[in-house]
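Letter by letter, the sequence shown follows residues -20 to -1, 1 to 524 in mature numbering (1 follows the signal peptide of the UniProt record, and there is no 0). Ideal Cβ positions, reconstructed from N, Cα and C, are used throughout, including at glycine. To start, the structure itself, in structure tokens.
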Amino acid sequence: MRKSWISMLFLIFASVALLSACNSSEKAEGGSEGSGESGGPVTMTFFAPQGKASMEENEFTKFIEKKFDVKLKWDLAPTDALQDRRQLLLASGDYPEVFLHGKFTTSDLQTYGKQGVFLPLQDLIKQYGPNLTKVMEEKPYFKDAITAPDGNIYALPIFNECYHCTYAQKYWINTDWLDKVGLKMPTTTDELYTVLKAFKTQDPNGNGKADEIPLTGAPNKYVWNGNIDAYLMNSFIYNDNDKYLIVNDGKVSFAANQEGWKKGLKYMHKLYAEGLIDPASFTQNDQAVGQLGNKEGDEVVGSITTALVSYLVNTYDKNITRHQHWDIVPPLKGPDGVQTTGATQSVGEFEFAITNKATEAQQIAAIKIVDYMFSEEGALYAEYGPTEGKGWKKADPDEKNINGEPAKYSYYNLPERDPNVVVNESWSQIGAHDLSNTFRNLFAEGQDPLSAEGYGTRLAQATNVYAPYAPKEVYPANVFIRPEDTESAAQLTTAIKDYVQTNMAQFIIGSKSIEKDWDSYVKGFDGLGLSNYLDIYQRAIEKK
């Protein structure tokens, strides 16, 4: 009897030992948990877009695995199906420990944060994220943009600051034509009218034909800030060229039903009625704009509203010089003294989130990895690869950055690449990391703004002209709409934006009369729910 019990106990202990050994073996072979410092690398799965090359064999992946003693598995989705795949994973409950690159909205963060699927990151950042902590201290708007109304940080974005993108509602003019008609750079809306009239009537291209287009543009969906009101309306009332919101002392109001908006439409209608605005400005795409600006023979365009003059004229081919006589027009002063420019503060889409599938060891490892990508070295390696001399190099003593200061790094004069070999050195635009102006300004830029290599410098110099005219307060691009307001906000935003843009085109071209139809246009906002629209965006900016 005693021998029988001893035998049974032996079998039980043996079974437990066997199960324990099997579990240890599974983790060692790539189970989801890993054991960290005490027993080998922490293993976890990252969700990311599928590129042309293997993420397992990627140089930066291998660097990260070695540096942080981790083993990364990958759940990859085609870029065009990334959000659909992400939603399927979340709906099924079979999601990974980490979303490295998830393209989440603020609404997503609140939904999955409330459900407990996304873990709050602020305590992890406080304990293991010195670089993220530093960024949030130095750039308070970054911290505000990533903090949900409940005080939690559920995800991190690529901190994609772009100086020339911040003031992107620009206007470029053909200075060769200005010289031909004997006029100076316009400084007011009246002076611009005079310039455009001269472009139309004085044959500045000298071919004896009335083929000049004084001012062209394009819809925003085709050309970045290409619609003509993006620039011109700011001489009458502030135009953010997006939600048409104005912020004064924290109070949100609407621009597109005010008297200044009406005056701006009158001015643009005057230009259109006299043939100074290209009728194609309301329909043409980026290809049509490029063909217009780069056509052989006589130049036909006098000015264009767009963030980038390269939409119109080739700035990258060293053998083409037409772009060199195009210059930026400063913000114009309107008849009532208004002189402002559109501005935006955006931190990019939310990419990195840790889910409730992650163990404590995985959470710590994941936050350390993303925090490293917010350091100078980590951002450099994440974007360009960990090996100097491939995607980047230390700058030469004579190389300068976009501000004319000594550069630290450079991507010029590197060894030529075999075009048939897929580059697999970095994560590039994958995953949350630092691409702030502070980081960008470490790199060399061509100092001649009219050279192909100096286009970045040219855009920075153009932006310097606009920055002083930005309003003190702008509505942020990234806001947390309350979950219960999300559906209404989406519907109202689309309906109101379509209404503004449709009526704007009609008023400018004259199919609607500003004198006769303005009141009914303004009244139309009542039926679209403008009051609710403003309430939603007021609550969002207050994080209520």
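If you look at E36, you'll find it isn't in any alpha helix (DSSP H); DSSP assigns it neither H nor E. For D465, the CB contacts under 8 Å within the same chain, skipping 5 residues up- and downstream, are I516, R519 and A520 in chain order. Sequence-distant Cβ neighbours of A457 in its own chain, meaning closer than 7 Å and more than five residues away, are T324, Q325 and S326. The Cβ atoms of A135 and L89 sit closer than 9 Å to each other.
The continuous beta strand (DSSP E) containing A57 extends over residues V50 to A57. Going by C-alpha positions, T285 is about 42 Å away from Q102. D307 is bridged by DSSP to I153. In the DSSP secondary-structure assignment, T23 is bridged to K51. For P377, the secondary structure class from DSSP, reduced to helix, strand or coil, is coil.
DSSP, read as helix, strand or coil, puts K348 in helix.
With a cut-off of 8 Å on Cβ pairs, the stretch 252 to 265 is in contact with the stretch 484 to 499, counting three or more such pairs.
The three-state secondary structure of K370, taken from DSSP, is coil. Ranked by how close their Cα comes to the Cα of K231, the residues D506, A485 and V454 have V454 in first place.
For K231, the enclosing beta strand (DSSP E) starts and ends at K231 to F234.
Taking C-beta atoms under 8 Å as the contact rule, K150 and A287 qualify, at a distance of about 6 Å. As a beta-bridge residue in DSSP terms, A28 pairs with L56. In its chain, beyond the 5 residues on either side, E363 have a beta carbon closer than 7 Å to the beta carbon of S408. Following the DSSP letters along the chain, one finds N228 inside the beta strand (DSSP E) bounded by residues L225 to N228. Residue range P120 to I126 is occupied by the alpha helix (DSSP H) that includes A125. Close CB contacts of K380 within its chain, under the 8 Å cut and outside five residues either way in sequence, are with P386, A387, A424, E425 and Q427 (chain order).
Setting aside the 5 residues that flank it on each side, E37 is surrounded in the same chain by N404, each with a C-beta closer than 7 Å to its C-beta; the list follows chain order. Counting only runs of 4+ residues, the alpha helix (DSSP H) found wholly inside the stretch 266 to 304 occupies 266 to 274, in chain order. The beta carbons of P76 and T335 sit closer together than 9 Å.
Taking N400 as reference, the option from T25, K32 and G96 with the minimal CA-CA separation is K32. The secondary-structure analysis by DSSP pairs S355 with nothing; it has no beta-bridge partner.
Boundaries of the beta strand (DSSP E) around I334: F330 to I334. At the C-beta level, Q63 and K94 stay beyond 9 Å of one another. T196 has I284 as its beta-bridge partners, per DSSP. If you look at V502, you'll find it in the alpha helix (DSSP H) that goes I494 to G507. Looking from the CA of L312, the closest CA among F216, E356 and L360 belongs to F216. Within its own chain, the residues whose Cβ lies closer than 7 Å to the Cβ of K123, once the five positions on either side in sequence are excluded, are M116, listed in chain order. Here the C-alpha atom of A253 lies approximately 21 Å from the C-alpha atom of A236. For V454, the three-state secondary structure derived from DSSP is coil. Fewer than three pairs of CB atoms, one per stretch, sit closer than 8 Å, so the stretch 478 to 485 makes no contact with the stretch 330 to 344.
Listed as beta-bridge partners of Y134 by DSSP are no residues whatsoever.
About 7 Å separates the CB atoms of I133 and I105; that is less than 8 Å, so the two are in contact.
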